[in-house]
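Asker:
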Amino acid sequence: MSNGDWSHLNELFHQAMEQPADGREDFLRNAQIDSDVLRMLLNCVKFADSDGLQAPLQPDQNPILFAADSESIVSNATSQIGHSLSTESATYRLENVIGAGGTGVVYLATQTDSSKQQVAIKVLRNELTGSDTVRRRFDLERQLLEQLDHTSVGRILDSGTTSDGRPFLVMELIHGISITDYAYQEQLPLQARLQLFLDACQAVAFAHSRGIVHRDIKPSHILVNEDGIVKLVDFGIAKADSVATSLLGLTRMGESPMTPAYASPEQVLGKPVGVESDVYSLGVVLYQLITGQHPYPTSTNLLEMAARICNQPPHRPSVSKPPDSDNRGPVESMAETAKPTKTSSATDDLSSLPDTCQTVPFPLSHLKGDMDEIVLKSLRKEPRLRYRTVYELSDDIVRYLENKPVTARRENRIYNLRKFASQHWWSVTLLSFVLVSLIVALWITQRSLRHTEVARQQAAFGMELEEIKVASSRLELGYPGDAYQRLRPFLIDETTGILRNDISFERRHLLYRITDELEVETRAALPKFNQMGTVLLGSQEKLAVASRRYQENKFALWDVQSLLADGKPVFFSDSAFPFLSNYFISAIAYAPERNRVVYSTQDDRALILAEANTGRILQRIAVEDHLRVAESSAVWMAHLSMSHDEQFVASVDIANQLSVWRLSDDSIQWLETVQVPDFNYHRLTFSPDGTQIACSGSNQLMIYDRSPLALRHQIPLPKSIEAVAYHPTLPQIVATTLGKDVHVYSTTDGQLLRSEREPVAVRQIAFSHDGQLAAEACVDGRVNLKRFDDGKIVKTIAALTSSIADVRFVDNSRALVVTDEKQRGVCWPVPGTTSVLSERVHKSTEQAFQELNTGAAMGSCIVKRPPANVVGTCDTSNINLWNAQDGSLLRQMPVAAGSVWGAEFTRDGKYVLSYEYHRERGDTLHVMNPLTGEEILSETERGVVASGPFDSLMLNAVSNQDALQLRSLETPTQVIQIPVNYPPSQIRFANQQRQVAVAGNDMIVRIYRYTAENLTLEQEIPVPTLGTQLRVIEFSPDDRWLALGGNKSHLIWNLAAGKIEAEFSNRGQCNTMSFSPDGRRLATVNYFGPVRVWEVETWREVWESPTSLGFFEAGWSASGDVLFGLTLENTLHAWRTVPTDQILGQIQQIDSLLAIPTKQ
Amino acid sequence: MSEKTTAADSNQPITDLLKRIVQGDAAAREELFRQVYSNLHTVAQSCFRDQGRHQTLNPTDLVNEVALKMLNNPALLSSSSRGAFYSLVSITMRHVLIDHARKRSAQKRTPIGDRDYSPIDQIVDNLESTNHLDLIALNEALDELKTQSERQHEIVIRHFFGGLTFPQVANQLGCSLATVEKDWRFARCWLLARMQDHDDE
């Protein structure tokens, strides 16, 4: 279509739009235009009144000021007054609108029966009824409130659905005002305020004990009624570990209309939110309650507010100053901008701006000391530095009120003594006489120290400028580590360990350049940037891996033989990549024979030639010297490609210029440049003979002759191109698109030769060196190996990587390397090849995949309850015991009956029990002596087995019979058979009690009390929410908890209270739940996910394994200081745990133990 | 208030800052960084409000990513005018969002637990659901629009991805407000029609 046609099209459109809506079609049909144009215009007109592709902003409308809309919501809601709502049990008449907020409108209503009880009814807003997320949140709120029956929590009374299908909640009506208003109104003294706050803490702690995090604690959600009773309201965005996390989306910060002024740093940053977040918000409330002010200078700018919350340390409450009078209150979230109506009975959803300037009837200096410390501790930026529970916070306040030392205060002798003295002043009067002189002496010392500190800070400023200069020069000289060390004090806040917020642009820039040193200390503090994926470069024998993230470039060279030397698939990950450049590398090409890399940096717009194995820079070319720089376009390279003979490099920059450069060992030389007629996402590929360059744009494939550089074929494609590859021997090129098509074109005439439609889009494609096999890496994480001639799939590799970045054949096409966007790589054998090397590789993985594909059990598990320094693993034919310290094999016991499903040591370590599954032979039970390897017992048709702590008792299931067998291992032939009426799926003995838990596939866990002769049923725990299979049961070492895992979910059962304590979200079926020997942590593994570690009692996640390469089992060493994870690849990973309270859950990887192959 | 008024009327005109930076004024860079960052936040905040729900999605990651991309973009300093500057904002915003849309579409078949679901992805989802469109399809349709009318293309990019108001767009492109509005009305319908076409294909 020419431009002339286009303006005609425009003209017709506007003319049509001037017609009345129903006349447009006729108008266009009467215009003399051809059918294609007519069809297009009819379509256009059709969309004129649709709401798609709306402008994000209305013209001239200030983007932030949408709040006016909520007034219309209120007025809409008002029209409902006088109507009645009915539930199954009662009818309520709507009396008045009390408030309108994020999800609902809240009415004051009266029950129509004789009770005339007044209630608050929250109705989901009409326009939101269609939104699943909102509905789920609404339901969630109902479920949460139903769990929370507490005098200090606003109660839910009833719920129902309106006649037009909107859910509503009937809630207790609270005639109250916010805790801060109440304190102000009553002019409460400090002690009374703290008592009030303790009541609020109690309500929050109660919710926490039910696994519910409120996430939106603020004064207007802590109401105090006429009787002075505190009520915690609005669980609208609360989160229960069990429910919410499974509803992906609900837990995301983006959907959480939390109130910025009270949000914790982790909430602001969109990080996972736990109990500590509520502790933080309570801290803000406490601050406001006792000082009358908000801890930070408030701002109407959300970003500024967020920055303050994340970076700025609050003033000590004792020295807080009233804010400037022209400073407005902190911004509440959009959800809360609803204007409160005139009624004074504040409730749910009603909120006002925090009171920033209330006065308190006591001097703030009273807060000096302990109260300062308590508040500051709850307001720490780092969750782990805060009070870990609300109980700890309230405990410290109680201690403060009782004049006892608080934990927040660093304990030093003088300090404790002072406390002691104030508590027992009468008994220490004499002593104090002596001590006063000591204290005075110390005070003087401290004061002079403080003076020194001020002087140091003044000097620091000048010093810093000096240091920046020195650091820059050190960096230039190639000592980034040194440069970093010099800068560190100016970058990192020593007390919090976080990056300081007052870093100047220059320093920040320098900081980015020293990325390699920052890995450990500031990674967490820096904004999280998206990963760019890992590209493979190189030849059949030498492989280079370039990995890019923002400010983080890595480049590694692999000799392919060494990659395959172990005869098993090799994973390589982050640690293997040395750093290449401090600049952001936008594109890279590799010349293996020359040992050179050519890369382009974005920051300084250079094209750089470097030695591949050392990274030594040989030449640096300023790109602008050769290429035109268009206005508002940048000129770094979007992509680079190396010709196979390593003579030429092709580049395409983001100003759409395609250039060819000549490469020699020590230089690159610009040859030619042409403009490329497309916009975005260019990728370049040299043809095998180097005479052509294929350039793929977003929806066209352009084939250029290299010399002279000229467009030969331009092939438009209907969908965006994903990958392009030249066939190594035929004059053909393959292009895959996001539309799941794989097109094959002739490179001589640009004609389409054939097309295939795949079930999913192919993200990358690679050919074997002979061109017979094509490896198609699909967006679903699978790699299809196909014969190129007939397209038949030879093999599908379910690569364990989540999002494949690149794929390439190596080792004469006997192995395949796949990388993913999480910067991991894996090397697979290519089936059907004859290399001895890949044969070996082939065997071990083929088996695993067969089992995976047939859905049979994995032939591996970790042996439970190992003795000290031993770790046991099972594979399809052996139980292997390893030295946990060095990974050497201690004993191998053949079981020879198929896949081992479960194995454990008896408590006394004398026996190893295992049960296996074999397709033909069925279940088999084995008892072995681990010291001699001798087989004590081998029985077929016996299923799950476990051993108890008393009388050497062992309990096993009988296959196909729904029966259990009890026996003593001392007399293994004397068996007591106990029929049951369900198929047992797991058995586990309690550790202290004479109790045994048996999971049934009827989704009921039964707890029996046992003697040496019999079982007595004590408790039945139905767990239908876990799914359709009960896979895992595990007692905690102290028998307080029972961890239960199914194929949908897993949960913690509180044995004493007989209730669910915590329910974990699910990301697949549960494979393992294993308590650490000290009972403080729980390791879980879901189906091929990472190993996760949870803190017992709080049940929050404290650690996740850095890799998630298909783990399916995890276990602890006997001492608890090593955590093991077993992967589908039969590789055992080990991490050292740090068993201190402060850093509970931090686990460091042990290099020497990493990746013990469990197969020989 | 100065934070909220988009930088088009900011106290420190971007053009001045750019000039001062070219002359080696470090404070100007600092100021530019601050302005870019806070303006981006405003833009992102308003663009990616969950409109039906009156809630704000978390644009921090998006802004970080866009700001960083922009700061690393030499074109930022070579952009001679405010118009060029905002064009760059719009283009970068588009790149980042489309990149995420592509990445997400690549992940659609991945088991949920394995997916990276960043706040930006959520913005992408939200943008798509509130506007009833597929960003990747929009990207393709936009490329097509560009071949027909550069100006309409620019208007869509600046308005939709850059969050600029029509008067601002008109001002920057040096054409009348009526033209911008007219172009927008047509381009919008045409893009929607085009995307539907592709769906049907």
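Protein chains in written order, with my numbering: chain E, -11 to 1148; chain Y, 49 to 249.
Ideal Cβ placement from N, Cα and C applies to all residues, glycine included.
Jot down the residue ranges of each uninterrupted alpha helix (DSSP H) in the stretch -5 to 37 of chain E, minimum 4 residues, whole runs only, in chain order.
Answerer: Fully enclosed alpha helix (DSSP H) runs of 4 or longer: 12 to 18 and 23 to 34.
Asker: Looking at the structure shown, is Thr79 of chain E part of a helix, part of a strand, or coil, going by DSSP?
Answerer: The count along the first sequence starts at 1 and reaches residue 79 of chain E at position 91. In the structure shown, Thr79 of chain E sits in a strand (DSSP, three-state: E or B).
Asker: By a C-beta neighbour count over all protein chains shown, 10 Å radius and 16 as the cutoff for buried, is Lys156 of chain Y buried or exposed?
Answerer: Residue mapping note: residue 156 of chain Y aligns to position 108 of the second sequence, counting from 1. With a pLDDT of only 49 at Lys156 of chain Y, under 50, the local geometry of the prediction cannot be trusted, and the value read off the model is given with reservation. So Lys156 of chain Y ends up on the exposed side.
Asker: Buried or exposed: Asp729 of chain E, going by 16 or more other Cβ atoms within 10 Å of its Cβ?
Answerer: Indexing the first sequence from 1 puts residue 729 of chain E at position 741. With 16 or more other Cβ atoms within 10 Å, it is buried.
Asker: Could you tell me the alpha carbon to alpha carbon distance between Pro328 of chain E and Gln179 of chain E, rounded to whole angstroms?
Answerer: Counting from one through the first sequence, the residue named residue 328 of chain E turns up at place 340. Counting from one through the first sequence, the residue named residue 179 of chain E turns up at place 191. In this prediction, Pro328 of chain E scores a pLDDT of 34, lower than 50, which makes its location untrustworthy; no coordinate-derived value is stated.
Asker: If we define contact as Cβ-Cβ less than 8 angstroms, is Phe35 of chain E a contact residue for chain Y?
Answerer: For the purposes of this step, residue 35 of chain E is taken as residue 47 along the first sequence, with counting starting at 1. Answer yes: the Cβ-Cβ gap between Phe35 of chain E and chain Y drops below 8 angstroms somewhere.
Asker: Measuring CB to CB, does Gln680 of chain E end up less than 8 angstroms from Thr735 of chain E?
Answerer: On the first sequence, position 692 is the one that residue 680 of chain E refers to. On the first sequence, position 747 is the one that residue 735 of chain E refers to. Yes, they are a contact pair.
Asker: Any residues in the stretch -2 to 30 of chain E with a beta carbon nearer than 8 angstroms to a beta carbon of chain Y? Which ones, in chain order?
Answerer: Flagged, chain order: Asn(-2), Phe1, His2, Met5 and Met28.
Asker: Would you kindly work out how many angstroms separate the C-alpha atoms of Gly1015 of chain E and Asp127 of chain E, rounded to a whole number?
Answerer: Taking the first sequence and counting its residues from 1, the one referred to as residue 1015 of chain E is at position 1027. Taking the first sequence and counting its residues from 1, the one referred to as residue 127 of chain E is at position 139. Cα to Cα, Gly1015 of chain E sits roughly 21 angstroms from Asp127 of chain E.
Asker: Chain Y partners of Asn687 of chain E, CB-CB under 7 angstroms?
Answerer: Along the first sequence, one-based indexing puts residue 687 of chain E at 699. Neighbours of Asn687 of chain E on chain Y, chain order: Glu188 and Asp191.
Asker: Output the distance between the C-alpha atoms of Leu96 of chain E and Leu157 of chain E, rounded to the nearest integer angstrom.
Answerer: Within the first sequence, residue 96 of chain E is the residue found at index 108, counting from 1. Within the first sequence, residue 157 of chain E is the residue found at index 169, counting from 1. Going from the Cα of Leu96 of chain E to the Cα of Leu157 of chain E covers about 12 angstroms.
Asker: Within the continuous alpha helix (DSSP H) that includes Glu380 of chain E, where are the two ends?
Answerer: Along the first sequence, read from residue 1 onward, the residue named residue 380 of chain E stands at position 392. First-last of the alpha helix (DSSP H) with Glu380 of chain E: Val378 to Leu389.
Asker: Give the straight-line distance between the Cα atoms of Ala249 of chain E and Thr395 of chain E, rounded to the nearest whole angstrom.
Answerer: Within the first sequence, residue 249 of chain E is the residue found at index 261, counting from 1. Within the first sequence, residue 395 of chain E is the residue found at index 407, counting from 1. Using only the alpha carbons, I get a separation of about 27 angstroms.
Asker: According to DSSP, is Pro253 of chain E helix, strand or coil?
Answerer: The count along the first sequence starts at 1 and reaches residue 253 of chain E at position 265. Helix, per DSSP.
Asker: So if DSSP puts Lys774 of chain E in a beta bridge, which residue, or which two residues, is it bridged to?
Answerer: The residue you call residue 774 of chain E lines up with position 786 of the first sequence. In the DSSP output, where bridge partners are listed per residue, Lys774 of chain E has E:Ala762 and E:Ile781.
Asker: Going by beta carbon distance, what residues of the same chain come within less than 7 angstroms of Leu726 of chain E, once the five residues before and after it are set aside?
Answerer: What you label residue 726 of chain E is simply residue 738 of the first sequence in a count that begins at 1. Result list for Leu726 of chain E: Lys707, Ser708, Glu710 and Ala749, in chain order.
Asker: Let's test the definition: count the other Cβ atoms within 10 Å of the Cβ of Ala985 of chain E and tell me whether it reaches 16, buried, or not, exposed.
Answerer: As a position in the first sequence, residue 985 of chain E is number 997, starting the count at 1. Buried, since its Cβ has 16 or more Cβ neighbours within 10 Å.
Asker: Quickly, what does DSSP pair Tyr996 of chain E with across the bridge? List them, please.
Answerer: Here residue 996 of chain E is taken as the residue at index 1008 of the first sequence, counted from 1. Answer is E:Val984 and E:Leu1005.
Asker: How about Leu183 of chain Y: is its C-beta nearer than 8 angstroms to some C-beta of chain E?
Answerer: On the second sequence, residue 183 of chain Y is found 135 positions in, with the first residue counted as 1. No, its Cβ sits nowhere closer than 8 angstroms to a Cβ of chain E.
Asker: Closer than 8 angstroms, CB to CB, is Phe223 of chain Y near chain E or not?
Answerer: For the purposes of this step, residue 223 of chain Y is taken as residue 175 along the second sequence, with counting starting at 1. A small correction: the amino acid at residue 223 of chain Y is Cys; Phe does not occupy that position in the sequence shown. So, not an interface residue.
Asker: By how many angstroms is the C-alpha of Met916 of chain E removed from the C-alpha of Gly1033 of chain E?
Answerer: Your numbering for residue 1033 of chain E matches position 1045 in the first sequence. Your numbering for residue 916 of chain E matches position 928 in the first sequence. Using only the alpha carbons, I get a separation of about 28 angstroms.
Asker: Using DSSP with H/G/I as helix, E/B as strand and the rest coil, what is Cys862 of chain E?
Answerer: Your numbering for residue 862 of chain E matches position 874 in the first sequence. Of the three classes helix, strand and coil, the one that applies to Cys862 of chain E here is strand, per DSSP.
Asker: Distance, Cα to Cα, Arg742 of chain E vs Leu646 of chain E?
Answerer: Counting from one through the first sequence, the residue named residue 742 of chain E turns up at place 754. Counting from one through the first sequence, the residue named residue 646 of chain E turns up at place 658. The alpha-carbon atoms of Arg742 of chain E and Leu646 of chain E are separated by roughly 28 angstroms.
Asker: At the 8 angstroms Cβ level, is Lys67 of chain Y part of the contact set with chain E, yes or no?
Answerer: Walking along the second sequence from the start, residue 67 of chain Y turns up at place 19. No, Lys67 of chain Y lies away from the interface with chain E (no Cβ there is under 8 angstroms from its Cβ).
Asker: Distance, Cα to Cα, Gly148 of chain E vs Arg745 of chain E?
Answerer: The residue you call residue 148 of chain E lines up with position 160 of the first sequence. The residue you call residue 745 of chain E lines up with position 757 of the first sequence. One C-alpha to the other measures close to 49 angstroms.
Asker: Nearest chain E C-beta to Leu240 of chain Y closer than 8 angstroms, yes or no?
Answerer: Against the second sequence, residue 240 of chain Y aligns to sequence position 192. So, interface residue.
Asker: How many angstroms separate the CA atom of His201 of chain Y from the CA atom of His715 of chain E?
Answerer: Indexing the second sequence from 1 puts residue 201 of chain Y at position 153. Indexing the first sequence from 1 puts residue 715 of chain E at position 727. Cα to Cα, the separation comes out at about 37 angstroms.
Asker: Can you check whether the C-beta of Gln220 of chain Y is within less than 8 angstroms of a C-beta belonging to chain E?
Answerer: On the second sequence, position 172 is the one that residue 220 of chain Y refers to. No, no contact with chain E.
Asker: Please classify Pro1010 of chain E: is it buried, with 16 or more other beta-carbons within 10 angstroms of its beta-carbon, or exposed?
Answerer: Start at 1 with the first residue of the first sequence, and residue 1010 of chain E comes out as number 1022. When all chains shown are included, Pro1010 of chain E counts as exposed.
Asker: Does Leu(-3) of chain E pass the burial test, meaning 16 or more other C-beta atoms within 10 Å, or should it be called exposed?
Answerer: Position 9 of the first sequence holds residue -3 of chain E. Its Cβ being crowded by 16 or more others within 10 Å, Leu(-3) of chain E is buried.
Asker: Identify which residue in E:Val363, E:Cys683 and E:Thr602 has its Cα closest to the Cα of Arg582 of chain E.
Answerer: To locate residue 582 of chain E, count along the first sequence from 1; it is residue 594. When each option's Cα is compared against that of Arg582 of chain E, the closest is E:Thr602.
Asker: Between the beta-carbon of Ser629 of chain E and the beta-carbon of Gly678 of chain E, is there less than 8 angstroms?
Answerer: Working through the first sequence from its first residue, we reach residue 629 of chain E at position 641. Working through the first sequence from its first residue, we reach residue 678 of chain E at position 690. No, the pair does not count as a contact, with Cβ atoms beyond the cut-off.
Asker: Sort out for me which residues DSSP pairs Cys1058 of chain E with in a bridge.
Answerer: Mapped onto the first sequence, residue 1058 of chain E falls at position 1070. Per DSSP, E:Asn1074.
Asker: Closest to Leu145 of chain Y by CA distance: which of Y:Leu239, Y:Gly210 and Y:Glu192 is it?
Answerer: Numbered from 1 along the second sequence, position 97 holds the residue referred to as residue 145 of chain Y. With distances taken between Cα atoms, Leu145 of chain Y lies closest to Y:Gly210.
Asker: Distance cutoff 8 angstroms, beta carbons only. Does Gln196 of chain Y sit that close to anything in chain E?
Answerer: Here residue 196 of chain Y refers to the residue found at position 148 of the second sequence. Yes, because at least one Cβ of chain E sits closer than 8 angstroms to the Cβ of Gln196 of chain Y.
Asker: Going along the chain, which residues of its own chain have a beta-carbon closer than 7 angstroms to the beta-carbon of Met1061 of chain E, five neighbours each way excluded?
Answerer: Here residue 1061 of chain E corresponds to residue number 1073 of the first sequence, with the count starting at 1. Answer for Met1061 of chain E: Val1020, Glu1022, Ala1031, Gly1033, His1038, Leu1070 and Thr1072, listed in chain order.
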